[in-house]
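Under UniProt numbering, residues 1 to 236 are what the sequence shown spells out, in order. Ideal placement from N, C-alpha and C gives every residue a C-beta, glycine not left out. Everything below concerns the one structure shown next.
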Amino acid sequence: MKLKFGLKRLDDAIGGGLDENTVNLVTGRSGIGKTILASHWAAEGAKNGMGVAYLATTLVKRSCETYLKKFRFMEDVYDKIHWRFIRVDAKYMMPVTRERIEQAVITTIKMKPEDVDMIVFDTVTDLDKALADPVLFRRVIKYMADLCYKNDITALFIEEAPMMGDWSETKNLSESVIFLDLLHTENGYERAMRILKKYRSSHPLEWIPYDITDEGIVFKEGWYVRRDYSYIYKSD
Ligand SMILES: Nc1ncnc2c1ncn2[C@@H]1O[C@H](COP(=O)(O)OP(=O)(O)O)[C@@H](O)[C@H]1O
Ligand SMILES: [Mg+2]
Numbered sequence: 001m002k003l004k005f006g007l008k009r010l011d012d013a014i015g016g017g018l019d020e021n022t023v024n025l026v027t028g029r030s031g032i033g034k035t036i037l038a039s040h041w042a043a044e045g046a047k048n049g050m051g052v053a054y055l056a057t058t059l060v061k062r063s064c065e066t067y068l069k070k071f072r073f074m075e076d077v078y079d080k081i082h083w084r085f086i087r088v089d090a091k092y093m094m095p096v097t098r099e100r101i102e103q104a105v106i107t108t109i110k111m112k113p114e115d116v117d118m119i120v121f122d123t124v125t126d127l128d129k130a131l132a133d134p135v136l137f138r139r140v141i142k143y144m145a146d147l148c149y150k151n152d153i154t155a156l157f158i159e160e161a162p163m164m165g166d167w168s169e170t171k172n173l174s175e176s177v178i179f180l181d182l183l184h185t186e187n188g189y190e191r192a193m194r195i196l197k198k199y200r201s202s203h204p205l206e207w208i209p210y211d212i213t214d215e216g217i218v219f220k221e222g223w224y225v226r227r228d229y230s231y232i233y234k235s236d
């Protein structure tokens, strides 16, 4: 089964939606549209009767109600989503053992894992910051991913892409990675997203342009492709 964003162009590009019971990642810089994109996915799931938990580290209840709830695609489904507003504190994860992390997640979602079909973790960057140790962070992410696999939960992790330096490990254990960025084009800066990875289906490699409006993410026509290249094909 495919879990759609409810955004046709993106759903088509990833082979119909995110594959059931997989771990996925949306990454990009701050303000690019990660939370809005994840909310589309959560809203579409709730609309289809899925049990959806949204763990938000960057929003509080009030700002979520005056922000995400106002998008039209949230109108009928906002109250069906199990919103959890959390402040990540390393002390709830120490020592980092599988049991400890499972317990912390289950306590946080306040639902029986078997009642959860979809989970959004927005953002795992706050976990990374709280733990301040890439090895521990990788283990926590791994244990969270395993917990999802064990309970047939489809997970969407949100992560802030580093402006410089190495990417974290999250994209390596994710079965799909969607990267949102600002591209410097002839018309100035434009929002666009690109599928870096998607298991089990082929996908376009070019940038898909989009805008953010009161409707949420709205795709524009066409693609962004690089205007220069370093290699040309020769048949012999
Ligand atoms: N109603 C709206 N109309 C147009 N643009 C909006 C609207 N709401 C938010 N935005 C844009 O979306 C951006 C934030 O998107 P968000 O998904 O919260 O980003 P992040 O990637 O940090 O999670 C804002 O900086 C703004 O540019
Ligand atoms: Mg956000």
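Item: Exposed unless 16 or more other CB atoms sit within 10 angstroms - verdict on Thr27; Value: buried
Item: Around ligand 1, Cβ to any heavy atom closer than 6 angstroms, ordered along the chain; Value: Gly28, Ser30, Gly31, Ile32, Gly33, Lys34, Thr35, Ile36, Ile212, Thr213 and Asp214
Item: Contacting residues, own chain, Cβ-Cβ under 6 angstroms from Glu169 (five flanking each side not counted); Value: Arg138
Item: Ala43 to Ser230 span [Cα, whole Å]; Value: 42 angstroms
Item: Nearest to Pro209 (by Cα), restricted to the options Asp236, Glu20, Val218 and Val124; Value: Val218
Item: Selection from Ser235, Glu215 and Thr154 that minimises the alpha carbon distance to Leu25; Value: Thr154
Item: Whether Leu18 touches Ile119 by CB criterion (8 angstroms); Value: no
Item: Where Ile141 falls: helix, strand or coil (DSSP); Value: helix
Item: Ser235 classed as buried or exposed, judged by whether at least 16 other C-beta atoms fall within 10 angstroms; Value: exposed
Item: Simplified DSSP assignment, three categories, for Ala155; Value: strand
Item: Rounded separation between Leu136 and Lys142 - CA only; Value: 10 angstroms
Item: Buried or exposed by the 16-neighbour rule on C-beta atoms within 10 Å, applied to Tyr78; Value: buried
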